[in-house]
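See structure below.
Residue numbers (my numbering): 26 to 278.
Listed below in structure tokens is the structure:
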């Protein structure tokens, strides 16, 4: 249930993307407009808009991939390539495993092995990146039968259908893993930028309410009351995410 809930938030992200571009008139002129000082609300607002402009591409990318994940949870997922069954045999270790690695590399010299999967029915699967770009590791594979040391199957990401290729490129684009450490750092920085925008957006809303109410009540309390029922919905979603996180981590491992 956690995946559909998280993926459905891509719809809200899409609304935020469109509404931000509509409400910010002539937004394309603001990329190099420095935040104005003085008034705290003005400074926060300018900083919020500046961060939003520079993260437009990132928001659009996360929105599209998030919507694709939602489509997959609703039954639109592509068929995962299957490999043939082999006769069960003891899993190789040490020198025997090194020999199978050499066999896999001879079968596909371009394969950069990232994962080695031992299965009772499919032998040893060597997964990784090869000639196809922007695909999951599972899209490129060499399967070796440990009993006979024979290559029983090969998967090449370049032979995938359009539907499968879109599905396989979702993870590298969403998580920024396709370019190694550099893209991971960029994705982390822009992810942190979106988190900062959530904070500045809340601050702007709280300051606006505090100014309009002209009371001694704290701005955070005013912001909470201003959100109405949506505040409770947001807290419930955060708590649900925290509850489901250990299970998601355990499943991934």
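In this text, a Cβ means the ideal position worked out from N, Cα and C, and glycines have one as well. Just so we're clear, the structure is a prediction, and the values are computed from it rather than from any experiment.
Distance between residue 187 and residue 147 (C-alpha atoms, nearest Å):
26 Å
Which of helix, strand or coil does DSSP assign to residue 55?
coil
So residue 152 packs on residue 137, CB below 8 Å; how close in whole Å?
Rounded, the Cβ-Cβ distance is 10 Å, inconsistent with contact.
Collapsed DSSP secondary structure at residue 173 in the structure displayed
coil
Contact under 8 Å by Cβ, residue 35 with residue 95:
yes
Separation of residue 89 from residue 190, as counted between CA atoms:
Near 15 Å, if we compare the C-alpha coordinates of residue 89 and residue 190.
Would you say residue 177 and residue 105 are within 8 Å of each other, going by their C-beta atoms?
no
Determine the closest residue to residue 118 out of 142, 268, 97 and 33, with distance taken between C-alpha atoms.
142
Are the Cβ atoms of residue 215 and residue 83 separated by less than 8 Å?
In this structure, residue 215 lies near residue 83, with their beta-carbon atoms less than 8 Å apart.
For residue 64, the three-state DSSP class (helix, strand or coil):
coil
Paired residues, beta bridge with residue 281 - DSSP:
Because residue 281 is not part of the residues shown, which for the chain are 26 to 278, the question remains open.
Using 8 Å as the Cβ pair cut-off and three pairs as the minimum, do the segment 73-80 and the segment 218-225 touch?
yes
Rounded to a whole number of angstroms, what is the C-alpha to C-alpha distance between residue 270 and residue 260?
Computed Cα separation, rounded: 15 Å.
Whole alpha helix (DSSP H) elements within the segment 187-245, 4-residue minimum
187-200 and 206-238
Close Cβ partners of residue 32 (< 7 Å) along its chain, the five nearest in sequence each way excluded
91, 94, 95 and 98
Helix, strand or coil for residue 178, going by three-state DSSP, please let me know.
strand
Could you check where the alpha helix (DSSP H) with residue 94 kicks off and where it finishes?
In the DSSP assignment, residue 94 falls within the alpha helix (DSSP H) that extends over 81-96.
How should residue 65 be labelled, buried or exposed, when 16 other C-beta atoms within 10 angstroms of its C-beta is the threshold for buried?
exposed
Determine the closest residue to residue 61 out of 70, 53 and 154, with distance taken between C-alpha atoms.
70
Closest by C-alpha distance to residue 232, when choosing among 167, 68 and 185
When each option's Cα is compared against that of residue 232, the closest is 68.
Determine whether the beta carbon atoms of residue 167 and residue 193 lie at a separation below 8 Å.
no
So is residue 1 buried or exposed if we call it buried at 16+ other beta carbons inside 10 Å?
Because the chain spans 26 through 278 in this model, residue 1 falls outside it and cannot be assessed.
Buried or exposed for residue 217, going by 16 or more other Cβ atoms inside 10 Å?
exposed
Taking 8 Å as the threshold (C-beta atoms), are residue 212 and residue 226 in contact?
Not closer than 8 Å, so no.
DSSP three-state label for residue 277, please.
With a pLDDT of only 49 at residue 277, under the threshold of 50, the placement of this residue in the model should not be trusted, and no figure is reported.
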